[in-house]
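Trainee: Residue numbers for the sequence shown follow the numbering used here, so the first one is 412 and each next one is one higher.
Every residue, glycine too, gets a C-beta built ideally from N, C-alpha and C.
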Amino acid sequence: MNDDNGGERPSVPGSQWYDAEAGPLVRPYAMTGGRTKPGPCNVRFDLIALVVVDDEPPGPAEEALLGPEHRSLLTLCRAETQSVAELAADADLPVGVVRVLLGDLLESGFVRVSRPVPPAQLPDERILREVIDGLRAL
(Lines of atoms letter the chains of each structure in order from A; the text may use other names.)
(Lines give C-alpha, C1' and ligand atoms only; values in the text may rest on other atoms or scores of the structure.)
Protein backbone atom coordinates (compact mmCIF):
# COMPACT_ATOMS: atom_id res chain seq x y z
CA MET A 412 0.00 0.00 0.00
CA ASN A 413 1.50 3.39 -0.96
CA ASP A 414 1.00 6.81 0.53
CA ASP A 415 0.64 10.07 -1.44
CA ASN A 416 4.41 10.40 -1.78
CA GLY A 417 4.81 6.96 -3.38
CA GLY A 418 6.34 5.45 -0.24
CA GLU A 419 5.20 2.41 1.68
CA ARG A 420 2.41 2.93 4.21
CA PRO A 421 2.41 1.11 7.53
CA SER A 422 0.90 -2.34 7.10
CA VAL A 423 -0.92 -2.50 10.43
CA PRO A 424 -4.43 -1.06 9.90
CA GLY A 425 -4.96 2.19 11.77
CA SER A 426 -1.36 2.41 12.94
CA GLN A 427 0.69 5.26 11.57
CA TRP A 428 3.52 4.42 13.96
CA TYR A 429 4.30 0.90 12.74
CA ASP A 430 6.21 -0.33 9.71
CA ALA A 431 6.08 -4.04 8.81
CA GLU A 432 9.81 -4.25 8.14
CA ALA A 433 11.21 -1.76 10.63
CA GLY A 434 8.77 -2.37 13.50
CA PRO A 435 7.57 0.47 15.70
CA LEU A 436 8.57 3.86 14.32
CA VAL A 437 8.56 5.41 17.78
CA ARG A 438 10.94 3.46 19.96
CA PRO A 439 10.09 2.88 23.64
CA TYR A 440 13.02 5.01 24.85
CA ALA A 441 11.60 7.96 22.90
CA MET A 442 8.26 7.64 24.73
CA THR A 443 9.99 7.72 28.12
CA GLY A 444 12.72 10.22 27.33
CA GLY A 445 15.32 7.49 27.75
CA ARG A 446 14.21 6.71 31.30
CA THR A 447 13.84 3.14 32.53
CA LYS A 448 12.67 3.80 36.08
CA PRO A 449 9.40 5.52 37.02
CA GLY A 450 9.97 8.90 38.63
CA PRO A 451 12.72 10.24 40.88
CA CYS A 452 11.39 8.13 43.76
CA ASN A 453 11.80 4.94 41.68
CA VAL A 454 8.28 3.82 42.53
CA ARG A 455 7.77 0.16 41.67
CA PHE A 456 4.54 -0.81 39.94
CA ASP A 457 3.60 -4.47 40.36
CA LEU A 458 1.85 -5.98 37.37
CA ILE A 459 -1.31 -6.47 39.44
CA ALA A 460 -1.31 -2.99 41.01
CA LEU A 461 -4.59 -1.23 40.21
CA VAL A 462 -4.53 2.20 38.59
CA VAL A 463 -7.42 4.66 38.83
CA VAL A 464 -7.81 8.30 37.84
CA ASP A 465 -7.43 10.53 40.89
CA ASP A 466 -10.61 11.99 42.40
CA GLU A 467 -9.31 15.52 41.76
CA PRO A 468 -6.83 15.30 38.88
CA PRO A 469 -5.17 18.41 37.45
CA GLY A 470 -7.24 20.29 34.90
CA PRO A 471 -7.44 19.99 31.12
CA ALA A 472 -4.69 22.60 30.63
CA GLU A 473 -2.19 20.41 32.48
CA GLU A 474 -3.44 17.30 30.68
CA ALA A 475 -2.85 19.01 27.32
CA LEU A 476 0.86 19.20 28.20
CA LEU A 477 1.08 15.39 28.44
CA GLY A 478 2.35 13.19 25.63
CA PRO A 479 -0.01 11.05 23.57
CA GLU A 480 0.95 7.86 25.45
CA HIS A 481 0.20 9.51 28.80
CA ARG A 482 -3.21 10.64 27.53
CA SER A 483 -3.91 7.16 26.16
CA LEU A 484 -3.24 5.61 29.57
CA LEU A 485 -5.49 8.21 31.23
CA THR A 486 -8.29 7.39 28.79
CA LEU A 487 -7.97 3.69 29.59
CA CYS A 488 -7.99 4.40 33.34
CA ARG A 489 -11.08 6.60 33.03
CA ALA A 490 -13.00 3.80 31.34
CA GLU A 491 -12.36 1.39 34.24
CA THR A 492 -9.87 0.54 36.95
CA GLN A 493 -7.11 -1.52 35.38
CA SER A 494 -3.95 -3.28 36.46
CA VAL A 495 -0.56 -2.26 35.13
CA ALA A 496 -0.48 -5.44 33.01
CA GLU A 497 -3.92 -4.70 31.52
CA LEU A 498 -2.90 -1.13 30.71
CA ALA A 499 0.22 -2.36 28.92
CA ALA A 500 -1.82 -4.83 26.88
CA ASP A 501 -4.62 -2.39 26.05
CA ALA A 502 -2.22 0.43 25.14
CA ASP A 503 -0.03 -2.01 23.17
CA LEU A 504 3.07 -0.75 24.98
CA PRO A 505 5.86 -2.62 26.76
CA VAL A 506 5.28 -2.96 30.52
CA GLY A 507 8.51 -1.07 31.27
CA VAL A 508 7.30 1.91 29.25
CA VAL A 509 3.89 1.83 30.97
CA ARG A 510 5.57 1.81 34.39
CA VAL A 511 7.62 4.91 33.52
CA LEU A 512 4.59 6.72 32.09
CA LEU A 513 2.48 5.79 35.13
CA GLY A 514 5.22 7.16 37.35
CA ASP A 515 4.88 10.49 35.54
CA LEU A 516 1.09 10.44 35.93
CA LEU A 517 1.34 9.51 39.61
CA GLU A 518 3.79 12.32 40.36
CA SER A 519 1.61 14.82 38.46
CA GLY A 520 -1.45 13.81 40.47
CA PHE A 521 -3.44 12.33 37.58
CA VAL A 522 -3.72 8.78 38.93
CA ARG A 523 -3.69 6.77 42.15
CA VAL A 524 -2.26 3.30 42.49
CA SER A 525 -3.46 0.71 44.97
CA ARG A 526 -0.83 -1.82 45.83
CA PRO A 527 -1.67 -5.52 45.81
CA VAL A 528 -2.11 -7.22 49.17
CA PRO A 529 1.09 -9.04 50.18
CA PRO A 530 0.61 -12.83 50.36
CA ALA A 531 1.54 -12.80 54.05
CA GLN A 532 -1.52 -10.64 54.79
CA LEU A 533 -3.97 -12.84 52.90
CA PRO A 534 -6.13 -15.19 54.98
CA ASP A 535 -4.95 -18.76 55.36
CA GLU A 536 -6.66 -21.28 53.05
CA ARG A 537 -7.63 -23.40 56.08
CA ILE A 538 -9.53 -20.48 57.60
CA LEU A 539 -11.37 -19.80 54.33
CA ARG A 540 -12.40 -23.46 54.08
CA GLU A 541 -13.72 -23.35 57.66
CA VAL A 542 -15.77 -20.24 56.83
CA ILE A 543 -17.20 -21.90 53.71
CA ASP A 544 -18.03 -25.05 55.68
CA GLY A 545 -19.69 -22.93 58.39
CA LEU A 546 -21.78 -21.07 55.81
CA ARG A 547 -22.87 -24.32 54.20
CA ALA A 548 -23.92 -25.63 57.61
CA LEU A 549 -26.32 -22.72 58.07
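I need the boundaries of the alpha helix (DSSP H) containing Leu-458, first residue and last residue.
Mentor: Walking along the sequence shown from the start, residue 458 turns up at place 47. Here Leu-458 belongs to no alpha helix (DSSP H), and DSSP marks it neither H nor E.
Trainee: Taking only the alpha-carbon atoms, compute the straight-line gap between Ala-496 and Ala-548 and give it to the nearest angstrom.
Mentor: On the sequence shown, residue 496 is found 85 positions in, with the first residue counted as 1. On the sequence shown, residue 548 is found 137 positions in, with the first residue counted as 1. Taking the straight line joining both Cα atoms gives about 40 angstroms.
Trainee: Verify whether the separation of the beta carbon atoms of Phe-456 and Val-509 is less than 9 angstroms.
Mentor: By 1-based counting over the sequence shown, the position of residue 456 is 45. By 1-based counting over the sequence shown, the position of residue 509 is 98. Closer than 9 angstroms, so yes.
Trainee: Between the alpha carbons of Val-463 and Leu-485, how many angstroms are there, rounded?
Mentor: Position 52 of the sequence shown, counted from the start, is the residue given in the question as residue 463. Position 74 of the sequence shown, counted from the start, is the residue given in the question as residue 485. So the alpha carbons of these two residues sit roughly 9 angstroms apart.
Trainee: Can you tell me where the beta strand (DSSP E) with Arg-523 in it begins and where it stops?
Mentor: Translated into the one-based positions of the sequence shown, residue 523 becomes position 112. Taken as a continuous stretch (DSSP letters only), the beta strand (DSSP E) holding Arg-523 covers 522–525.
Trainee: Which value, in whole angstroms, describes the spacing of the CA atoms of Ser-519 and Pro-469?
Mentor: Reading the sequence shown from its first residue, position 108 is the one you call residue 519. Reading the sequence shown from its first residue, position 58 is the one you call residue 469. In a straight line, the C-alpha of Ser-519 is about 8 angstroms away from that of Pro-469.
Trainee: Quick check: Glu-491 and Phe-521, are their CB atoms within less than 9 angstroms of each other?
Mentor: The sequence position of residue 491 within the sequence shown is 80, counting from 1. The sequence position of residue 521 within the sequence shown is 110, counting from 1. Contact flag unset, no.
Trainee: Candidates Leu-461, Leu-516 and Arg-526: which alpha carbon is nearest Gly-478's?
Mentor: Counting from one through the sequence shown, the residue named residue 478 turns up at place 67. Residue Leu-516 is the option with its Cα nearest to Gly-478.
Trainee: Nearest by alpha-carbon distance to Gln-493: which of Asp-535, Gly-514 and Leu-458 is it?
Mentor: Against the sequence shown, residue 493 aligns to sequence position 82. For the residues Asp-535, Gly-514 and Leu-458, the minimum Cα distance to Gln-493 belongs to Leu-458.
Trainee: Among Ile-538, Arg-526 and Gly-514, which residue has its Cα nearest to the Cα of Val-454?
Mentor: In the sequence shown, residue 454 corresponds to position 43, counting from 1. Here the closest residue by C-alpha is Gly-514.
Trainee: Look at the alpha carbon of Ser-525 and the alpha carbon of Leu-476, and state the distance between them as a whole number of angstroms.
Mentor: Stepping through the sequence shown from its first residue, residue 525 is reached at position 114. Stepping through the sequence shown from its first residue, residue 476 is reached at position 65. One C-alpha to the other measures close to 25 angstroms.
Trainee: Given Arg-523, which residues of its chain have a CB within under 7 angstroms of its CB, disregarding the five upstream and five downstream residues?
Mentor: Taking the sequence shown and counting its residues from 1, the one referred to as residue 523 is at position 112. Taken in chain order, the residues that qualify are Val-463 and Asp-465.
Trainee: Looking only at its own chain, which residues have a Cβ that is under 6 angstroms from the Cβ of Ala-499, when we skip the five neighbours before and after it?
Mentor: Within the sequence shown, residue 499 is the residue found at index 88, counting from 1. Counting only Cβ-Cβ distances below 6 angstroms, and skipping sequence neighbours, we find Val-506 and Val-509.
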